[in-house]
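Residues are numbered in the numbering used here as their position in the sequence shown, beginning at 1, plus a constant of 1. A short write-up of the structure that comes next.
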Amino acid sequence: VDNFLWVKFWYRSAVFFWETTLFFLLSGLLMGRFFIQKKAKLTTKQLIFITLIGLFLGSLSYYIVNFKADEIGNLPDIGNTLIVRKTIYDLLFLIHRVGLASAYACLVYLFLKRFPLKTLAILGRTSLSNYILQAVIIVPVCLLFHLFDHITPTIALIMTALIWIFQVLLSS
Numbered sequence: 002v003d004n005f006l007w008v009k010f011w012y013r014s015a016v017f018f019w020e021t022t023l024f025f026l027l028s029g030l031l032m033g034r035f036f037i038q039k040k041a042k043l044t045t046k047q048l049i050f051i052t053l054i055g056l057f058l059g060s061l062s063y064y065i066v067n068f069k070a071d072e073i074g075n076l077p078d079i080g081n082t083l084i085v086r087k088t089i090y091d092l093l094f095l096i097h098r099v100g101l102a103s104a105y106a107c108l109v110y111l112f113l114k115r116f117p118l119k120t121l122a123i124l125g126r127t128s129l130s131n132y133i134l135q136a137v138i139i140v141p142v143c144l145l146f147h148l149f150d151h152i153t154p155t156i157a158l159i160m161t162a163l164i165w166i167f168q169v170l171l172s173s
């Protein structure tokens, strides 16, 4: 029961949530299929424009949520449901995440256009299977040895990095 409560705590306080991670994963997959299959390429000007718009929208929505929360809180609502306010907060948070994610993706793409990292290409091909294998190793180990109450995020990062190094050595 203790381990279950710790797992519940970690999933509740996680930086990433499954719903949004799945949304971004599938959105990225669809966009990648469009650009890869259709052979459509964005120009450098288009990438810079997307970066600037993404940074602007992400920053603006973050500012509104964090510094104009009182105005949103004073909006009229439907009974005691708080549905209008929650919807506005959720939409602003989504705009923030999508804006910053698109800006970061464009910046990485611009960087990789300028400085290609061909030696790391093999690692990208197996990233999903590496992630699944890391989860398959770490979660049962923590459950079997009752480690959930002892592992900090730093230790979890070190465990993941060690498993990743092991995976890289075995895959090459």
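For each residue, glycine too, the CB sits at the ideal point set by N, CA and C.
With a beta-carbon spacing of about 19 Å, Y105 and V66 fall beyond the 8 Å limit used to define contacts. The C-alpha of H97 lies about 8 Å from the C-alpha of G55. DSSP places H151 in the coil class of the three-state scheme, outside both helix and strand.
In this chain, the alpha helix (DSSP H) harbouring I139 covers S128 to L145. A check of alpha carbon separations from S60 across K119, M160, V137 and L101 identifies L101 as the nearest. With at least 16 other beta carbons inside 10 angstroms of its own, T52 counts as buried.
Within the same chain, and ignoring the five residues on either side of I139 in sequence, the residues whose Cβ sits closer than 8 Å to its Cβ are A157, M160, T161 and I164. Around the CB of S103, 16 or more other CB atoms lie within 10 Å, so the residue is classed as buried. Around the beta carbon of S128, a 10 Å sphere encloses fewer than 16 other beta carbons of the protein chains shown; the residue is thus reported as exposed.
Rounded to whole angstroms, the gap between the alpha carbons of H151 and V99 is 34 Å. In its chain, beyond the 5 residues on either side, N131 and L134 have a beta carbon closer than 7 Å to the beta carbon of Q168. Apart from the 5 residues on each side of it in sequence, I84 sits with its Cβ closer than 8 Å to the Cβ of D78 in its chain, given in chain order. With contacts defined by Cβ atoms closer than 8 Å, T45 and L111 form a contacting pair. The stretch 54 to 130 is shown to contain no whole beta strand (DSSP E) run of 3 or more residues. In terms of Cα proximity to S62, the closest of L95, D71 and L31 is L95.
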